[in-house]
Amino acid sequence: MAPMAALTYLTPEAYLESERKTTTKNEYVNGEVLAMAGASFVHNFITLDTATYLNNQLMGGECQVAGTGDLRVKVRRTESYFYPDIVVVCGEPRAEDNTFDTLLNPTLIVEVLSASTETYDKDEKFTHYRQIDSLQEYILISQETVEVVQYRCQEPEWIPTEFRGLVDIVPLVSIRCELPLQHIYRRVKFDSSH
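Written out as structure tokens, the structure reads:
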């Protein structure tokens, strides 16, 4: 989903209290509340198919798909909150408090890009996500073309690898499974004129 213009400045505590009462989703970055816009059919197809494929591989193991767009992730070091498109957690999920709606220890995060979110997801969100000690992989999936970028944490840096063919398979080392691009894009029809 795309972030909209900042609405107001709040403390992290006031944001969380307000967010738990609203029916809309808002991210929280540097004291600003960012309203989230809706997602397209293609975005939803990619997100659901990717989460389903991962969930099927992870069933019964120590890692699990913990959220598909509705689970908030907190970056403690920057006091920021985000709604990743897909979150995978390995081991026991740790929540911010007893409400159990804010995850602190994701292992892998997936964001599905669109024209309105691409820069935000690649730059600002990733800058924050890198501050999460448990995070080992960050996956960016384009909905405009066949392209997946995988960032793997190899201390002290994050190493990117690009995948651009439907025959490509992304090896998800952190959760011990793989993600074929043909499954990500199975319901997407790209305009052949591009």
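Residue numbers (my numbering): 1371 to 1564. All C-beta atoms in this analysis are idealised placements derived from N, C-alpha and C, irrespective of residue type, glycine included.
Report task. Look at the Cβ atom of Val1640, then the Cβ atom of Asn1414, and state whether they are nearer than 8 Å. Result -> This structure cannot settle anything about residue 1640, because the visible part of the chain is limited to 1371 through 1564.
Query raised in the report: If you drop the 5 nearest sequence neighbours on each side, which residues of the same chain put their C-beta closer than 6 Å to that of Arg1390?
Result: none
Query raised in the report: Touching or not, the stretch 1407-1427 and the stretch 1472-1484, by the rule of three or more beta carbon pairs under 8 Å?
Result: yes
Requested in this report: Ignore the nearest five residues each way along the sequence and tell me which others in Gln1513's own chain have a CB closer than 8 Å to its CB.
Outcome: Ser1410, Val1412, His1413, Ile1416, Val1482, Leu1483, Ser1484 and Val1558
Report task. Below 8 Å on the Cβ atoms is my guess for Glu1548 versus Val1537; work out the distance and round it to an integer in Å. Result -> Not quite, the Cβ-Cβ distance comes to about 13 Å (not below 8 Å), so this is no contact.
Query raised in the report: How is Asn1414 classed by DSSP in three states: helix, strand or coil?
Result: helix
Query raised in the report: Rounded to the nearest angstrom, how far is the Cβ of Gln1520 from that of Glu1507, given a contact under 8 Å?
Result: 6 Å
Query raised in the report: Taking Cβ to Cβ, would you say Leu1474 is nearer than 8 Å to Glu1462?
Result: no
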